[in-house]
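Asker:
2 protein chains.
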Amino acid sequence: MELYFSPLACSMATRISLYEAGIEATYFEVDSKTKRTRDGRDFRQINPLGLVPAIRTDTGEVLTENAAILQYVAGRAPSGALAPTTDWERARLQQWLCFVGTELHKALFGPLLDPNAPDGAKAYALEKGMAGLEMLDAYLTTREFLLDEFSAADAYLATVLGWAVVTPVQLSKFPGISAYLKRLYARPSVARAFTEERSLYLEEQARRATI
Amino acid sequence: MELYFSPLACSMATRISLYEAGIEATYFEVDSKTKRTRDGRDFRQINPLGLVPAIRTDTGEVLTENAAILQYVAGRAPSGALAPTTDWERARLQQWLCFVGTELHKALFGPLLDPNAPDGAKAYALEKGMAGLEMLDAYLTTREFLLDEFSAADAYLATVLGWAVVTPVQLSKFPGISAYLKRLYARPSVARAFTEERSLYLEEQARRATI
């Protein structure tokens, strides 16, 4: 499998999942501004929207969209490593993947992380996002993970919540979320993915500064 | 199964799917402003976020989030009626559910349909949403449905695109999308759901006008 990623972007959830499950993959870094891979290819030829993550399977097919990729990876992982095994718990996994993808990633952090978003869009996103964070905080206060065990939804949530530090979202106001995030970043798969992608992110910033 | 819906909201995708698959359900209308059901219950007791759709299964469990609900319904439908049967095509279904849910529903139409969203948020959403519409338009030009056959992702996409008429999104600029939408709204399940929910929507508007 090939993973097309940008450092610290939502594609880190796939890296965490691959590490967690012990699945080998080839990682291709994409510059989120130029939409080119480090080896000079036009990433829009792979995903016309230019969005990471995208994967290319061993049979050459391209799959995009985070929730779909995470479930695809879960299907290749040891049973239970990234997704529960019953139909009902799978529905719950999809519920959390959808919540993280729509309410947190797209609606809240999307505008906040976009330097081109106008102030009105950022303020609106911040205000609308509070209900989701409050619900999540209450939920996580009594739970270790989103489901009974670690799942790909935790890989996604940990990735998205990790962005808060560079936004006006103050996670310190949400003790349940803060404790969850601390637990998750102490997990070997998350710690390794974050450490590696932070290095790549800093290298990318340094390259951009010299252009 | 119980479906909690608001007229013409994204929950219409679930109604379309239920009609398409011939699955019986009890429909509870939720006022999206007051968050109360028509029979006077507080919908936030069912979904703390107050968002439709939510379903209650026959065993009493509540499931939220559109992509999860549509896949749950697909799992109860005749084989192939709402979702493909192979793992790979299921991944494609998840890809499209995620695209419609994040890029179109949440990022584009969310701010455009919200009377409380500031102009900056609406303009930003409209600008950011164009890439997704262009990709979709090119894709649909040569296809009848998102996948090889009708699926729950079409129910979701038809619902979301139906909102364009009350927003500045001009679908007439996208001939592939326009033709798709015309085909979909001629489909009995979609036509029935839309006709019924439009009536309910107008009744809701009339009730609000008399308060």
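So the sequence lines, in the order shown, correspond to chains A and B. According to this note's numbering, the residues represented by the first sequence are 1 to 211, in order. According to this note's numbering, the residues represented by the second sequence are 212 to 422, in order. Just so you know, even glycine gets a beta-carbon here, dropped at the ideal spot from N, CA and C.
At a cut of 8 Å, does the stretch 26-42 of chain A reach the stretch 179-194 of chain A through at least three beta carbon pairs?
Answerer: No, they do not touch.
Asker: For Ala-121(A), does the three-state DSSP call read helix, strand or coil?
Answerer: Indexing the first sequence from 1 puts residue 121(A) at position 121. DSSP places Ala-121(A) in helix when its eight states are reduced to three.
Asker: In terms of residue numbering, what span does the alpha helix (DSSP H) encompassing Ile-16(A) cover?
Answerer: Looking up residue 16(A) in the first sequence gives position 16. Segment 12-21, the alpha helix (DSSP H) holding Ile-16(A).
Asker: Cα-Cα, which of Ala-138(A), Ala-155(A) and Glu-149(A) is closest to Ile-177(A)?
Answerer: Stepping through the first sequence from its first residue, residue 177(A) is reached at position 177. It is Ala-138(A) whose Cα lies nearest to the Cα of Ile-177(A).
Asker: Where does Val-376(B) sit, in a helix, a strand or coil, going by DSSP?
Answerer: Locating residue 376(B) in the second sequence gives position 165, counting from the first residue. Residue state, collapsed to three classes: helix.
Asker: Can you confirm whether the stretch 297-305 of chain B touches the stretch 326-345 of chain B when touching is taken to mean that 3 or more C-beta pairs between the two stretches lie within less than 8 Å?
Answerer: No, they do not touch.
Asker: Going by the beta-carbon positions, is the gap between Glu-314(B) and Gly-343(B) smaller than 8 Å?
Answerer: As a working note, residue 314(B) is residue 103 in the second sequence. As a working note, residue 343(B) is residue 132 in the second sequence. Yes, they are a contact pair.
Asker: Compute the Euclidean distance between the alpha carbons of Ala-153(A) and Thr-142(A), then round it to the nearest angstrom.
Answerer: On the first sequence, residue 153(A) is found 153 positions in, with the first residue counted as 1. On the first sequence, residue 142(A) is found 142 positions in, with the first residue counted as 1. Straight-line Cα distance between these residues: approximately 17 Å.
Asker: Looking only at its own chain, which residues have a Cβ that is under 8 Å from the Cβ of Thr-14(A), when we skip the five neighbours before and after it?
Answerer: Position 14 of the first sequence, counting from 1, holds the residue named residue 14(A). The residues are Leu-3, Phe-5, Pro-53, Ile-55, Asn-66, Ile-69, Leu-70, Val-73 and Ala-155.
Asker: Would you grab the beta carbon distance between Gly-312(B) and Ala-107(A) for me? Rounded to a whole angstrom, and I think it's under 8 Å.
Answerer: As a working note, residue 312(B) is residue 101 in the second sequence. As a working note, residue 107(A) is residue 107 in the first sequence. Between Ala-107(A) and Gly-312(B) the Cβ distance is about 11 Å, and since that is not below 8 Å, they are no contact.
Asker: Nearest-angstrom Cα distance between Arg-398(B) and Arg-409(B)?
Answerer: Reading the second sequence from its first residue, position 187 is the one you call residue 398(B). Reading the second sequence from its first residue, position 198 is the one you call residue 409(B). One C-alpha to the other measures close to 16 Å.
Asker: Would you list, in sequence order, the uninterrupted alpha helix (DSSP H) runs of no fewer than 4 residues that lie entirely inside the stretch 85-132 of chain A?
Answerer: Listed in chain order, the complete alpha helix (DSSP H) runs (minimum 4 residues) inside the stretch 85-132 of chain A are 87-99 and 110-113.
Asker: Rank Asp-242(B), Ser-228(B), Gly-261(B) and Leu-392(B) by C-alpha distance to the C-alpha of Gln-416(B) and give the top, closest one.
Answerer: Taking the first residue of the second sequence as 1, we reach residue 416(B) at position 205. Looking at the Cα atoms, Asp-242(B) is the closest of the given residues.
Asker: Which residues, in chain order, does the stretch 97-108 of chain A contribute to contact with chain B at a C-beta distance below 9 Å?
Answerer: Listed by position, the residues of the stretch 97-108 of chain A near chain B (Cβ gap below 9 Å) are Leu-97, Cys-98, Phe-99, Gly-101, Thr-102, Glu-103, His-105, Lys-106 and Ala-107.
Asker: What residues from chain A crowd round Tyr-283(B), counting only those whose CB sits closer than 7 Å?
Answerer: Walking along the second sequence from the start, residue 283(B) turns up at place 72. What Tyr-283(B) touches in chain A: Ala-91.
Asker: Check the Cβ-Cβ distances between Ala-87(A) and every residue of chain B, and say whether any is below 8 Å.
Answerer: In the first sequence, the residue the question calls residue 87(A) occupies position 87. For clarity, residue 87(A) is Asp in the given sequence; the question names Ala instead. Interface residue, yes.
Asker: Report the residue from Asp-325(B), Trp-374(B), Val-380(B) and Lys-393(B) whose alpha carbon sits nearest the alpha carbon of Leu-351(B).
Answerer: Stepping through the second sequence from its first residue, residue 351(B) is reached at position 140. Comparing Cα positions, the closest option is Lys-393(B).
Asker: Under 8 Å between C-beta atoms, does Ala-81(A) make it to chain B?
Answerer: By 1-based counting over the first sequence, the position of residue 81(A) is 81. With 8 Å as the cut-off, Ala-81(A) does not count as an interface residue toward chain B.
Asker: Of all Cβ atoms in chain B, is any one closer than 8 Å to the Cβ of Leu-49(A)?
Answerer: The residue given as residue 49(A) occupies position 49 in the first sequence. Closer than 8 Å to some Cβ of chain B, the Cβ of Leu-49(A) qualifies, so yes.
Asker: Met-135(A) and Thr-57(A) - do their beta-carbons sit closer together than 8 Å?
Answerer: On the first sequence, position 57 is the one that residue 57(A) refers to. On the first sequence, position 135 is the one that residue 135(A) refers to. No.
Asker: According to DSSP, simplified to helix, strand and coil, what is Glu-2(A)?
Answerer: As a position in the first sequence, residue 2(A) is number 2, starting the count at 1. In the structure shown, Glu-2(A) sits in a strand (DSSP, three-state: E or B).
Asker: Using three-state DSSP, classify Leu-63(A) as helix, strand or coil.
Answerer: What you label residue 63(A) is simply residue 63 of the first sequence in a count that begins at 1. Strand at Leu-63(A).
Asker: Would you mind giving the Cβ-Cβ distance between Ala-164(A) and Leu-171(A), rounded to the nearest angstrom? I have them listed as a contact below 8 Å.
Answerer: In the first sequence, the residue the question calls residue 164(A) occupies position 164. In the first sequence, the residue the question calls residue 171(A) occupies position 171. Indeed they touch by this definition, with Cβ atoms about 5 Å apart.
Asker: Below 8 Å on the Cβ atoms is my guess for Leu-411(B) versus Glu-240(B); work out the distance and round it to an integer in Å.
Answerer: Residue numbering aside, residue 411(B) sits at position 200 when the second sequence is read from its first letter. Residue numbering aside, residue 240(B) sits at position 29 when the second sequence is read from its first letter. Indeed, because the Cβ distance is near 6 Å, the residues count as touching under 8 Å.
Asker: Counting only runs of 4+ residues fully inside the stretch 136-199 of chain A, write out the alpha helix (DSSP H) ranges in chain order.
Answerer: List check, alpha helix (DSSP H) in window: 152-161 and 175-185.
Asker: Report buried or exposed for Met-130(A), applying the criterion of at least 16 other Cβ atoms within 10 angstroms of its Cβ.
Answerer: Counted from its first residue, the first sequence places residue 130(A) at position 130. Exposed: under 16 other Cβ atoms inside 10 Å.
Asker: What does the Cβ neighbour count give for Glu-231(B), buried or exposed, with the cut at 16 atoms within 10 Å?
Answerer: The sequence position of residue 231(B) within the second sequence is 20, counting from 1. When all chains shown are included, Glu-231(B) counts as buried.
Asker: Take Ser-294(A) as the anchor and find which of Lys-173(A), Ala-158(A), Pro-168(A) and Val-166(A) has the nearest alpha-carbon.
Answerer: This structure leaves residue 294(A) out entirely; chain A is present only between 1 and 211.
Asker: Could you pull the start and end residues of the beta strand (DSSP E) that Ala-81(A) belongs to?
Answerer: One-based indexing of the first sequence puts residue 81(A) at position 81. From DSSP, Ala-81(A) is part of no beta strand (DSSP E); its letter is neither H nor E.
Asker: Let me know the beta strand (DSSP E) ranges lying completely inside the stretch 27-56 of chain A, each 3 residues or longer, listed in chain order.
Answerer: Counting only runs of 3 or more, we get 54-56.
Asker: For Leu-63(A), go through chain B and note every residue whose CB falls closer than 8 Å to its CB, in chain order.
Answerer: Walking along the first sequence from the start, residue 63(A) turns up at place 63. Near Leu-63(A) (Cβ distances below 8 Å), the residues of chain B are Ala-302, Arg-303 and Gln-306.
Asker: Please report whether the beta-carbon of Met-341(B) lies at a distance below 8 Å from any beta-carbon of chain A.
Answerer: Counting from 1 along the second sequence, the entry for residue 341(B) is found at position 130. Chain A contact via Cβ: absent.
Asker: When we look at the beta-carbon of Leu-202(A) and count the other beta-carbons within 10 Å, is it buried (16 or more) or exposed?
Answerer: Stepping through the first sequence from its first residue, residue 202(A) is reached at position 202. When all chains shown are included, Leu-202(A) counts as exposed.
Asker: Could you tell me which chain A residues have their CB closer than 9 Å to the CB of Asp-253(B), listed as they occur along the chain?
Answerer: Residue 253(B) sits at position 42 when you count from the first residue of the second sequence. Chain A residues near Asp-253(B): none, gap ~15 Å exceeds 9 Å.
Asker: Give me the residue from Arg-287(B), Leu-274(B), Glu-360(B) and Lys-244(B) with the minimum Cα distance to Asn-327(B).
Answerer: Position 116 of the second sequence, counted from the first residue, corresponds to residue 327(B). With distances taken between Cα atoms, Asn-327(B) lies closest to Lys-244(B).
Asker: For chain B, is any of its Cβ atoms less than 8 Å away from the one on Ala-67(A)?
Answerer: Start at 1 with the first residue of the first sequence, and residue 67(A) comes out as number 67. Judged by the 8 Å Cβ criterion, Ala-67(A) is in contact with chain B.
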